[in-house]
Amino acid sequence: MTLTHPAYGQLRQVTETAAVLLADNPGQMTLEGTNTWILRAAGRSDCVVVDPGPKDESHSAAIAEATGGRVALTLITHHHHDHTGGIDHLVELTGTSVRAKDSGFLRGSAAAFADGEVIEAAGLRITVLETPGHTDDSVSFVLDDAVLTGDTILGAGTTVLGSGSGALADYLSSLDRLLEAGKGKALLPAHGPDHPDLEPVARYYIAHRHERLGQVREALRVLGSDADAMAVVRRVYADVDERLWPAARSSVQAQLDYLRVHG
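Position one of the sequence shown corresponds to residue 30 (our numbering), numbered consecutively onward.
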């Protein structure tokens, strides 16, 4: 029987080269859990792992079992703990080297990513695409038939923006880059279900961000131009579970910063 999302702890083949193991860490921010992607070229026994997931020994063991311990390289989409907590246990189990944008997550003799570089490992060619906005260190990985988007584009809902200055401008640019790089390719996100075509999801994300900007502009018109982020959240996100308001505040702050520069 063909597995469908979600399938905890079971290797689910999605494309010819990409299979996924879903970590059992569901939550409001992680959706059903973190997707650990296992990439394997035709005829190869070794593989590339993307995002080892949270600090969960059973998940790390499942990755090691699914790969037979033959992990040529592990790649990290960004620094959040639900993606990186399992790094060291996976290194212990498989001896994999680890690459990331943030040098604090490098293991072995690996170097930090460079935008646009092509990684050749386990018979695969993987292009690194810097896609900041969710975090400063967010990257995506472009394969021949798919794009692994980390938390930059999710399989359901929308992502939270970093609150740093320039986060929304960075994010809109990242979405444009993914739209271009993902033409005719599948979307393989770090949370939520995969999609056979990245383009409509990316276009929805772009439209959603501009819609939210319009709502924030209207909120400022009512509340005053000096309204703080949480005041805007209470108005714009009134229909959203209040437990998500702290995360929404980060996105609203990014939008306020954007509007102060771009209008």
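Note that CB positions come from ideal geometry on N, CA and C, so glycine has one too.
In the three-state scheme derived from DSSP, where H, G and I count as helix and E and B as strand, residue 218 is classed as strand. Relative to the Cα of residue 237, the nearest Cα in the group 48, 284, 253 and 251 belongs to 284. Taking all protein chains shown into account, residue 61 has 16 or more neighbouring C-beta atoms within 10 Å of its C-beta and is therefore buried. Around the C-beta of residue 107, 16 or more other C-beta atoms lie within 10 Å, and the residue is accordingly described as buried. Close CB contacts of residue 86 within its chain, under the 8 Å cut and outside five residues either way in sequence, are with 118 (chain order).
In its chain, beyond the 5 residues on either side, 189 and 190 have a beta carbon closer than 7 Å to the beta carbon of residue 280. Pairing residue 193 with residue 146, the inter-Cα distance amounts to about 26 Å. Just measuring C-alpha positions, the residue of 156, 136 and 135 sitting nearest residue 144 is 156. For the set 275, 79, 259 and 292, the Cα lying nearest the Cα of residue 58 is the one of 275. By the criterion of a C-beta distance shorter than 6 Å, residue 183 is surrounded in its chain by 218, 220 and 221, once the five residues flanking it on both sides are discounted.
Classified as buried, residue 214 has 16 or more neighbouring CB atoms from the shown chains inside 10 Å of its CB. In this structure, residue 163 places its C-beta atom within 7 Å of the C-beta atom of residue 181. In the same chain as residue 245, and ignoring 5 residues on each side of it, the C-beta atoms closer than 8 Å to its own belong to 261, 265, 281, 284, 285 and 288, in chain order.
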